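For reference, the structure discussed in these notes is given below.
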Amino acid sequence: ALDLNAVADLCTEIERVESAATLQALLHRIVRMLDADGLVIWAENDAQLFAVAAAGYAPDTLARLLPIRRQDDHAVAAAWREASVETVDATSERDGAIAVPLFSGDTCTGVFAVELRPGREHDPGTRAVVRMLAAQLSAVVTGAPAESQARTGT
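Note that this note's numbering gives residue 56 to position 67 of the sequence shown, counting from 1, and the numbers run on in steps of one.
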């Protein structure tokens, strides 16, 4: 079970982020809190999504992730296109995932994607916490263009 007090504390810390390094440390805490394999924050720029921050993966992950187009056929594109929470079911070959839209007002401006161990992608508590964290991260991520975020690592 997730510690909701710890989640609330983390949400408060996300609200107060003032640097890329602080955000990166919080993203690593999210990975540990969710017992996730990793996470990626995608932000829109020039009608594409770019990976602007990641945690739980190899350091070169951001550099290897290609931009996503709205019409692409996967959960991150669907979450962006439909402005809805999308789930990738775990299989024997891969873990599950949850992709949650990030909003600026009524506009979906990015996606928070979390890769989870099998079964966790359907756990109601985990899904709720991922949605809460995405809501907090929206304010931090949607404030700067994706290209500058990618350069700073946020």
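Cβ coordinates follow ideal geometry from the N, Cα and C atoms, glycine included. Owing to the predicted nature of the structure, the values given are computational and were not obtained by experimental measurement.
At what residues does the alpha helix (DSSP H) containing residue i begin and finish?
i	result
Val6	Neither: Val6 is in no alpha helix (DSSP H) and is coded neither H nor E.
Between the Cα of residue i and the Cα atoms of the options, which residue gives the shortest distance?
i	options	result
Ala10	Ala43, Ala79, Thr50, Ala102	Ala43
Ile3	Ser93, Asn34, Tyr46, Leu15	Leu15
Asp62	Thr50, Glu75, Leu51	Glu75
Gln125	Asp(-8), Arg5, Asn(-6)	Arg5
Leu(-1)	Ser8, His17, Val130	His17
Leu(-9)	Thr96, Leu23, Asp35, Ser8	Leu23
Val118	Ser93, Gly99, Ile19	Ile19
Ala36	Arg116, Val129, Thr115, Thr98	Thr98
Ser127	Glu33, Arg116, Glu71	Glu33
Gly45	Leu(-7), Gln13, Asn(-6)	Gln13
Taking the beta strand (DSSP E) that residue i falls in, what are its first and last residues?
i	result
Gly108	Premise fails: Gly108 is in no beta strand (DSSP E) and is neither H nor E.
Leu(-9)	No beta strand (DSSP E) holds Leu(-9); DSSP gives it neither H nor E.
Asp26	25 to 34
Give the C-beta separation of residue i and residue j to the nearest angstrom, bearing in mind that I take them to be a contact with Cβ-Cβ under 8 Å.
i	j	result
Val29	Ala102	5 Å
Val100	Val65	5 Å
Ala68	Leu51	At roughly 19 Å, the Cβ-Cβ gap does not stay under 8 Å, so Ala68 and Leu51 are not in contact.
Leu105	Asp26	7 Å
(Q) Using 8 Å as the cut-off, can you tell me whether the stretch 50 to 59 makes contact with the stretch 85 to 95, which would need three or more C-beta pairs spanning the two stretches below that distance? (A) Judged by Cβ distances under 8 Å, the stretch 50 to 59 makes no contact with the stretch 85 to 95, as fewer than three pairs qualify.
Q: Let me know the beta strand (DSSP E) ranges lying completely inside the stretch 45 to 101, each 3 residues or longer, listed in chain order.
A: Within the stretch 45 to 101, the complete beta strand (DSSP E) runs of at least 3 residues are 75 to 77, 85 to 93.
Q) If we count Cβ pairs, one from each stretch, closer than 8 Å, do we get three or more for the stretch 70 to 89 versus the stretch 99 to 112? A) Yes: at least three Cβ pairs fall under 8 Å.
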